[in-house]
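Each residue of the sequence shown is one higher than the last, beginning at -2 in my numbering.
Glycine residues also receive a C-beta, built at the ideal position from the N, C-alpha and C atoms.
To start, the structure under review is shown below, and the notes come after it.
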Amino acid sequence: QLFFDNADFYRWREQARAMGVKVPIIAGIMPITNVAQIKRFIGMCGAKIPQPLLLKLEQLEHDPEAVYAAGVEYATRQCQDLLFHGVDGIHFYTLNKSKATVQICKALNVPHAA
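What follows is the structure, encoded as structure tokens:
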């Protein structure tokens, strides 16, 4: 499941482990590249965007390049934190648009990020 607040993931992961879940738990990351699109998407799946991030994105909403840059920056920091905290893996929701994910992987020094 995708999320935008790592604290939510960490709480859920600890609850799952406490219940005896032993399989790898993979984090779901969706780089935000379009405000209207992400609002529609989270409306369907129930994910929530932290209020400070949402406010920043709404301020940038009429500047698609700034939204894209802010979304890539946020997802990169999110992934760095997840890796630091020993996440079992990261699944990127690209929605058939891999450019942002490639940028994130390069920033994370993932080998062969084309």
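Beta-bridge pairing of residue i - partner residues as DSSP gives them
i, result
"H88", "G25"
"L(-1)", "G25"
Residue range of the alpha helix (DSSP H) that includes residue i
i, result
"K96", "96 to 104"
"E58", "Neither: E58 is in no alpha helix (DSSP H) and is coded neither H nor E."
"I39", "32 to 42"
Residue from the options with nearest C-alpha to residue i
i, options, result
"V32", "A97, L54, P49", "L54"
"N93", "D85, A66, M27", "M27"
"V69", "Q(-2), G17, V99, G25", "V99"
"K96", "G43, A66, I22, F0", "A66"
"P21", "E11, T30, I29", "E11"
"F1", "V107, P108, I87", "I87"
"T64", "A24, C102, Q34", "For the record, residue 64 in the displayed sequence is Val; it is not Thr. If we check each option's Cα against that of V64, Q34 comes out closest."
For residue j and residue i, believed in contact at Cβ under 8 Å, the rounded distance
i, j, result
"T73", "A104", "5 Å"
"Y90", "I29", "Actually they are not in contact, since the Cβ atoms of Y90 and I29 sit about 11 Å apart, beyond 8 Å."
### Query
Just checking, does the segment 6 to 23 make contact with the segment 74 to 87 on the three C-beta pairs under 8 Å criterion?
yes
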